[in-house]
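Count the sequence shown with the numbering used here and you get residues 2 to 351, in order.
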Amino acid sequence: MKTRSETLHPTNSTAPNVSGASLLVIGLAGEGALALCELNAQTGDISLLDKVELPDVEGGCAGMPVSVNRAGSRVYAGWRGEKPRVFSFELDRQACSLTCLGQADLPEGVCYAVPASCESRLLSSSYKGSKITISPIDAQGKVGEPVMIKDAQHAHCLVEAPNGFVYATSLRGDFIQTYVFDDTRSSLRPVARREVPSGSGPRHIVFSDDGAVAYLVSEFVGTLTLFDVVAKTGALNPKQTIALLPEGEKAWASEICVTPSGDFLYASERNSSQIFGCRLKANREMERVCAVKAPECPRAFCVDPSGRVLVALGEKSGEAWTYQIGPSGDLDFVSHVNVGVAPSWVAAVS
Numbered sequence: 002m003k004t005r006s007e008t009l010h011p012t013n014s015t016a017p018n019v020s021g022a023s024l025l026v027i028g029l030a031g032e033g034a035l036a037l038c039e040l041n042a043q044t045g046d047i048s049l050l051d052k053v054e055l056p057d058v059e060g061g062c063a064g065m066p067v068s069v070n071r072a073g074s075r076v077y078a079g080w081r082g083e084k085p086r087v088f089s090f091e092l093d094r095q096a097c098s099l100t101c102l103g104q105a106d107l108p109e110g111v112c113y114a115v116p117a118s119c120e121s122r123l124l125s126s127s128y129k130g131s132k133i134t135i136s137p138i139d140a141q142g143k144v145g146e147p148v149m150i151k152d153a154q155h156a157h158c159l160v161e162a163p164n165g166f167v168y169a170t171s172l173r174g175d176f177i178q179t180y181v182f183d184d185t186r187s188s189l190r191p192v193a194r195r196e197v198p199s200g201s202g203p204r205h206i207v208f209s210d211d212g213a214v215a216y217l218v219s220e221f222v223g224t225l226t227l228f229d230v231v232a233k234t235g236a237l238n239p240k241q242t243i244a245l246l247p248e249g250e251k252a253w254a255s256e257i258c259v260t261p262s263g264d265f266l267y268a269s270e271r272n273s274s275q276i277f278g279c280r281l282k283a284n285r286e287m288e289r290v291c292a293v294k295a296p297e298c299p300r301a302f303c304v305d306p307s308g309r310v311l312v313a314l315g316e317k318s319g320e321a322w323t324y325q326i327g328p329s330g331d332l333d334f335v336s337h338v339n340v341g342v343a344p345s346w347v348a349a350v351s
């Protein structure tokens with residue numbers, strides 16, 4: 002595997018991960034590579050460590066999802082360019098290095114790819130191809146060929162919730178489909194469906210740690226919606242909706258994230274290049290607390306495992322910006338670094 006020359010810090014086995022630091026893995030869709038950055042969780046400072054090219058790919062693609070396993074030792078990256086694939090990497094946190102373990106074909110380019118809770122399955126969704134897939138993950142953490150390929154209208158997100166149900170958002174179909182696994186976790190069966198307002202564009206959905214509520218970001222209307230989750234059936238019942246932008250402004254909302262503490266929720270909006278923050282009240286409802294400038298076209302962002310720092314990516318600017326999260330959920334800009342062409346996904350590992 003080739004590593005690119007524009008490294009700012011050495012990444013050999015003698016370079017230990019500093020105390021209080023997190024590693025960030027960033028998908029660079031515009032150059033078919035992963036950027037590895039170091040984030041100081043105490044100060045919010047960020048630095049670029051290395052770039053690793055995806056093997057056997059050329060050019061760029063329209064977004065590149067990235068995820069990590071719970072242990073932070075495996076990284077999965079979906080390639081949406083020619084010959085769609087998913088790549089498996091070993092992440093050595095002490096050496097700050099990535100090693101490719103292999104690649105597996107996918108029927109379509111995917112915009113979401115995350116391990117299921119069992120960590121022996123990878124869930125992925127294809128918006129353009131209208132497909133959802135389940136792929137096996139072996140004992141070494143390497144993804145294999147799909148064991149399930151199912152039609153799913155414009156599926157943009159496929160994620161397992163704490164309740165064990167699996168949810169897929171239909172960006173153009175304007176619904177959220179609820180599924181259950183079969184006994185072998187090799188197939189999904191639909192069990193419930195929640196329609197959302199026509200033309201709203203349900204994009205990404207996240208859940209509270211206890212699985213009692215879910216939060217949805219809708220791309221085309223720029224709203225955040227709180228749902229109560231029915232424990233027995235997995236059904237979603239809407240409880241609250243708030244708008245990110247003033248009425249009449251065209252929205253292009255993207256990502257949503259809840260802090261590890263469950264106290265705050267953040268969402269990104271690409272037309273205005275802003276990150277919006279909400280305090281989550283005792284009844285789980287959202288209360289707006291801030292709106293801050295973000296790098297141009299913040300397609301993706303994450304909160305580091307400590308819950309102290311938010312990292313936002315500018316898909317058009319090629320930058321990563323960091324913010325410290327205040328006691329009330331406010332965001333204070335700290336630092337920025339150029340990471341590469343079209344950064345479209347970021348995952349943090351402590």
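For every residue, glycine included, the Cβ atom is placed at its ideal position computed from N, Cα and C.
Range covered by the beta strand (DSSP E) that runs through residue i
i, result
"residue 287", "287-294"
"residue 185", "No beta strand (DSSP E) contains residue 185, which DSSP labels as neither H nor E."
"residue 303", "301-304"
"residue 208", "203-208"
"residue 253", "No beta strand (DSSP E) holds residue 253; DSSP gives it neither H nor E."
"residue 63", "First-last for residue 63: undefined, no H or E at that position."
"residue 344", "344-350"
"residue 339", "332-339"
"residue 323", "320-326"
"residue 275", "275-281"
"residue 268", "265-270"
Reduced DSSP secondary structure (H/G/I, E/B, other) of residue i
i, result
"residue 36", "strand"
"residue 93", "strand"
"residue 245", "coil"
"residue 307", "coil"
"residue 1", "The shown model of the chain, from 2 to 351, leaves out residue 1, and the question about it has no answer."
"residue 26", "strand"
"residue 198", "coil"
"residue 298", "coil"
"residue 172", "coil"
"residue 76", "strand"
"residue 43", "coil"
"residue 233", "coil"
"residue 192", "strand"
"residue 260", "coil"
"residue 86", "strand"
"residue 314", "strand"
"residue 218", "strand"
"residue 56", "coil"
"residue 166", "coil"
"residue 238", "strand"
"residue 19", "Its pLDDT being 40, under 50, residue 19 is placed unreliably by the model, and nothing is read from it."
For residue j and residue i, believed in contact at Cβ under 8 Å, the rounded distance
i, j, result
"residue 133", "residue 168", "The Cβ separation is near 11 Å, so there is no contact."
"residue 268", "residue 254", "6 Å"
"residue 346", "residue 69", "Going by Cβ atoms, the distance from residue 346 to residue 69 rounds to 11 Å, so no, they are not a contact pair."
"residue 287", "residue 225", "6 Å"
"residue 244", "residue 278", "Contact flag wrong, Cβ pair sits at about 14 Å."
"residue 344", "residue 327", "The pair is not a contact, with the Cβ atoms about 25 Å apart (cut-off 8 Å)."
"residue 330", "residue 290", "4 Å"
"residue 105", "residue 87", "6 Å"
"residue 30", "residue 61", "6 Å"
"residue 123", "residue 114", "6 Å"
8 Å Cβ cutoff, residue i in contact with chain B
i, result
"residue 328", "Absent from the structure is chain B; it holds one protein chain and no more."
field: Residue ranges of each beta strand (DSSP E) within the region 98-162, 3 or longer
entry: Complete beta strand (DSSP E) runs here, min 3: 98-106, 113-116, 122-127, 132-137, 149-152 and 156-161.
task: Would you check if the region 335-344 and the region 314-325 touch, i.e. whether three or more CB-CB distances between them fall below 8 Å?
output: As far as the Cβ criterion goes, the region 314-325 touches the region 335-344, which means the pair count is three or higher.
message: For the pair the region 116-136 and the region 195-202, tell me if three or more CB-CB distances fall below 8 Å.
response: Too few Cβ pairs lie closer than 8 Å, so no.
- prompt: Is the region 220-237 in contact with the region 177-196, if contact means three or more CB pairs nearer than 8 Å?
  reply: They touch, by the three-pair rule.
query: Does the region 305-314 come close enough to the region 33-47 to have 3 or more Cβ pairs within less than 8 Å?
result: A contact exists between the region 305-314 and the region 33-47.
- request: Tell me, please, whether the region 72-83 touches the region 147-165 by the rule of three or more beta-carbon pairs shorter than 8 Å.
  value: By the criterion of at least three beta-carbon pairs nearer than 8 Å, the region 72-83 is not in contact with the region 147-165.
message: Count Cβ pairs between the region 106-116 and the region 90-98 that sit closer than 8 Å; are there 3 or more?
response: The region 106-116 makes no contact with the region 90-98, as fewer than three CB pairs between them are under 8 Å.
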